[in-house]
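Residue numbers (our numbering): 2 to 444.
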């Protein structure tokens, strides 16, 4: 019998129902095996230990003229129909639920065997006992006895049939498994050859696409070929080559974009393009050379801009260019040189300022004996006349500058070409420089 599928409630229900009916038949067989047969007149009665008997005369038939009127207990047809019911249920179960034909045949034989066993048992009660006891030597009882054992033989054959079918089922299953494996192997080989044929076609197409420069299309063709036959070495090698060609193509495109930026003096953006090209295709010597060229151009441009600003005495702007150079190339040897140039330019500017201030002050001293505060503040580049007044008021009493109203009076001694006048002028210049360093006066 096929195994019941425990996941299905329907299968479980029918399985338990068949099991219960089978147990019922077994119990009844055991019960009737203890029955004794006796013949009283025209009636045949079965009883158990002389106490329980079944003799309801409800089932009878006449065997032509040679047979006596034999009355059987109602147990005979009841058990017969129970057997038929089991056979029917088993048939339905195995037609709709069983795993296969072998299982169905096993169940059918099992059910028929049960029915044959029941019939044989009751035929023995009717015929066998009389023949053995020689109480009824009539030929029909002897024939019934022989038929009884024939039915028993069929019952045994039914049981053997179940066993034989089990063995046959195993053999068939093994054979089917072997056939299935062979078919699967043949199908696999067939599919492999079909895939191989298609893969070769794709490889041929991919090579043609590669020759025409259609690298991305060629890559897809080789990838499809490799999917069809994963262990095929040819598409693997072609994929490696096409990937390198695609990388080189992408790198060349980036290099071209970088060259365009380089020609338009966008050095930083050009370097970024060259870096991308090197990342994609590290073997590109052109990208490395152009990157170095762009770096040199950028450094050269920064130095040229620095020199131009420094020549215009735009020291702060020139210092900013040094900062750009440091950010771009921290180890550049020109940074120190440019810093020295900044310091030299500062010193030069300072000397020029001192000389200009000295010349202006001497010119005021030599030209004016009295000068308006507004005019003097303008000549010495003070922010306002108030700052000029503060400077003069902070000078020593003998400095030679005095304020009268809105004018500055210049002492006559400063206009003389004497050492005393030179010392006084030098003192004025020094005081003026200190005044500026304190954040006042000229900015």
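Using N, Cα and C, we set each Cβ at its ideal position, and we do this for glycine too.
Pair within 8 angstroms by beta-carbon distance, residue i and residue j
| i | j | result |
| --- | --- | --- |
| residue 334 | residue 323 | no |
| residue 257 | residue 272 | no |
| residue 288 | residue 307 | no |
| residue 252 | residue 236 | no |
| residue 292 | residue 268 | no |
| residue 430 | residue 359 | yes |
| residue 386 | residue 374 | yes |
| residue 281 | residue 248 | yes |
| residue 450 | residue 371 | Residue 450 lies beyond the residue range present for the chain, which begins at 2 and ends at 444; the question has no answer from this structure. |
| residue 350 | residue 314 | yes |
| residue 389 | residue 361 | no |
| residue 316 | residue 327 | no |
| residue 311 | residue 353 | no |
| residue 303 | residue 277 | no |
| residue 366 | residue 426 | yes |
| residue 243 | residue 216 | yes |
| residue 396 | residue 432 | yes |
| residue 230 | residue 197 | yes |
Three-state class that DSSP yields for residue i in the structure shown
| i | result |
| --- | --- |
| residue 384 | coil |
| residue 314 | coil |
| residue 230 | coil |
| residue 427 | helix |
| residue 193 | helix |
| residue 205 | helix |
| residue 373 | strand |
| residue 242 | helix |
| residue 432 | helix |
| residue 51 | Any reading at residue 51 must be qualified, since the residue scores a pLDDT of 38, below 50, and its modelled position is unreliable; the value itself is stated next. Three-state result, residue 51: coil. |
| residue 236 | helix |
| residue 266 | coil |
| residue 330 | coil |
| residue 222 | helix |
| residue 215 | coil |
| residue 1 | With the chain covering 2 to 444 only, the question about residue 1 has no answer from this structure. |
| residue 284 | coil |
| residue 255 | helix |
| residue 396 | coil |
Classification of residue i by the beta-carbon crowding that lies within 10 angstroms, buried from 16 upward
| i | result |
| --- | --- |
| residue 210 | buried |
| residue 285 | buried |
| residue 241 | exposed |
| residue 222 | buried |
| residue 266 | exposed |
| residue 402 | buried |
| residue 309 | exposed |
| residue 174 | exposed |
| residue 234 | exposed |
| residue 406 | exposed |
| residue 274 | buried |
| residue 214 | exposed |
| residue 200 | buried |
| residue 245 | exposed |
| residue 424 | exposed |
| residue 357 | exposed |
| residue 220 | buried |
| residue 279 | buried |
Beta-bridge pairing of residue i - partner residues as DSSP gives them
| i | result |
| --- | --- |
| residue 404 | 409 |
Pair every Cβ in the region 172-192 with every Cβ in the region 204-211, then say whether three or more of these pairs are closer than 8 angstroms. no
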